[in-house]
Ligand SMILES: Cc1ncc(COP(=O)(O)O)c(C=O)c1O
């Protein structure tokens, strides 16, 4: 029996996380065996240029020598101590130095834990219950935040999950992203009950959506005025385009920031942190409880630290420039042929819209998503040795290890497919 069939016997749908099952694009999910640089190799030895990159975690590509070295030398010292360790202190120092809005950090094991804990802390700090989020943003599978959510949840009816008691989402208000008027009306009406607003500053879970000029600044001004905690979920954008995150690019400082993906160097991680006066409400200093057996695991911390150290301004510049050139060149190719498709990017976070209409929110993102065409494009690319996200409303990522040749191949294959498809 092949590995996929074996997986299906013992793992739900053959996977440990839903989008990996290829439900949105059809076909048999892949089982990967190893990765190196921009490439990964499946269990049959076939190689793929990887633009999924463990959902954005692998900004330095697979098995980067500096990251592997740090992980190897840490592992030989023991795996977990249940105490604070030096790599944990060092990476926390590196994070607070690079992200000035973060005075203090707490490490957890996933982005989901980070957002869940940040919301709890905001509720404790403000003594209020309601949470405002935005349609199409995904903050992990936290009960209170799984409503009108993007990413894999977008494939389920109403973009929500069964099994969540109504009282959990009863305190959650989900608003259209980029609509400052609706935001102002809602905050004005409910502010006395609103603990926090949580947002992906540049959403990547409904494809890439850029914030309209002034939207994040308005959000900051309103929340500050009304005593509402502003949480930036930078699990995807954190350390992606520069050392300071999207908050540095858009010059908006949130009260709390959630991190994940890149800061683990490819190992399981999450973190949240921010203003010292809020963070001190967290146990052991305060009485807001949150804990974890493996939190701050030294292997993860060492791999993450090696990643952050490797990401110098020069490395970011090269990555961002390559990404920009790739998107421009691809869009020039597509527009020359009047194909209703284009790439949208925030530096090295990129997605494809199968439409020429602008996309500023989730409703527009869904309208610009032609799932059957995306599924065929996905399989065309797979045949050409390119792996990118097996669902339409996801983002694909470029790493520091993708070469101009890799990117040119992807660009040509997108064009070739779209021209053949007669869209
Ligand atoms: C913006 C954002 N927040 C939170 C999460 C959840 O992170 P994790 O999958 O590590 O729980 C994700 C995952 O993709 C994400 O993109």
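Residue numbers (the numbering used here): 83 to 505. Ideal placement from N, C-alpha and C gives every residue a C-beta, glycine not left out.
Anyone know if the C-beta pair for residue i and residue j falls short of 7 angstroms?
i           : j           : result
residue 444 : residue 218 : yes
residue 85  : residue 136 : no
residue 193 : residue 222 : yes
residue 189 : residue 378 : yes
residue 204 : residue 94  : no
residue 495 : residue 415 : no
residue 356 : residue 370 : no
residue 389 : residue 159 : no
residue 169 : residue 387 : yes
residue 191 : residue 352 : yes
residue 326 : residue 181 : yes
residue 513 : residue 467 : No information on residue 513 is available, as it lies outside the stretch 83 to 505 that the chain covers here.
residue 138 : residue 479 : yes
residue 234 : residue 101 : yes
residue 328 : residue 283 : yes
residue 196 : residue 342 : yes
residue 366 : residue 104 : no
residue 499 : residue 462 : yes
residue 115 : residue 392 : no
Sort out for me which residues DSSP pairs residue i with in a bridge.
i           : result
residue 508 : What is shown of the chain runs 83 to 505, which leaves residue 508 out entirely.
residue 315 : 340
residue 431 : 428 and 479
residue 278 : 213 and 311
residue 124 : 114
residue 144 : 119
residue 132 : 469
residue 289 : 287
residue 370 : 364
residue 254 : 213
Sorted by chain position, which residues of the same chain lie with C-beta nearer than 7 angstroms to residue i's C-beta, five sequence neighbours on each side aside?
i           : result
residue 229 : 242, 251, 254 and 256
residue 299 : 334
residue 140 : 348 and 481
residue 220 : 231, 232, 233, 235 and 287
residue 119 : 143, 144 and 483
residue 450 : 435, 436, 437, 439 and 441
residue 172 : 387
Leaving aside the five residues before and after residue i along the sequence, list all residues of the same chain whose C-beta is less than 8 angstroms from its C-beta, in chain order.
i           : result
residue 406 : 427 and 429
residue 274 : 210
residue 501 : 419 and 421
residue 167 : 378, 380 and 383
residue 400 : 482
residue 360 : 203, 204, 207, 311, 337 and 338
Using the Cα positions of residue i and residue j, report the straight-line distance between them to the nearest angstrom.
i           : j           : result
residue 106 : residue 423 : 19 angstroms
residue 380 : residue 435 : 40 angstroms
residue 297 : residue 112 : 40 angstroms
residue 349 : residue 385 : 7 angstroms
residue 90  : residue 97  : 8 angstroms
residue 453 : residue 123 : 26 angstroms
residue 493 : residue 402 : 16 angstroms
residue 224 : residue 344 : 20 angstroms
residue 215 : residue 270 : 15 angstroms
residue 469 : residue 409 : 17 angstroms
residue 187 : residue 440 : 37 angstroms
residue 485 : residue 376 : 36 angstroms
residue 185 : residue 268 : 30 angstroms
residue 301 : residue 127 : 49 angstroms
residue 372 : residue 265 : 30 angstroms
residue 362 : residue 183 : 15 angstroms
residue 248 : residue 404 : 46 angstroms
residue 446 : residue 293 : 14 angstroms
residue 412 : residue 489 : 9 angstroms
residue 503 : residue 425 : 17 angstroms
residue 506 : residue 354 : Because the chain spans 83 through 505 in this model, residue 506 falls outside it and cannot be assessed.
residue 307 : residue 246 : 32 angstroms
residue 258 : residue 92  : 39 angstroms
Leaving out five residues before and five after residue i in sequence, what residues of the same chain have Cβ atoms less than 6 angstroms from its Cβ?
i           : result
residue 161 : none
residue 477 : 286, 290, 431 and 433
residue 438 : 422
residue 398 : 324
Taking 7 angstroms as the threshold (beta carbon to beta carbon), is residue i in contact with chain B?
i           : result
residue 293 : Considering every chain present, this structure includes no chain B. It has just one protein chain.
Validate contact between the segment 276 to 286 and the segment 192 to 204 using beta carbons, cut 8 angstroms, 3 pairs: At 8 angstroms Cβ cutoff, the stretches touch.
Using 8 angstroms as the cut-off, can you tell me whether the segment 173 to 183 makes contact with the segment 320 to 327, which would need three or more C-beta pairs spanning the two stretches below that distance? In this structure the segment 173 to 183 lies against the segment 320 to 327, because at least three pairs of beta carbons, one per stretch, are closer than 8 angstroms.
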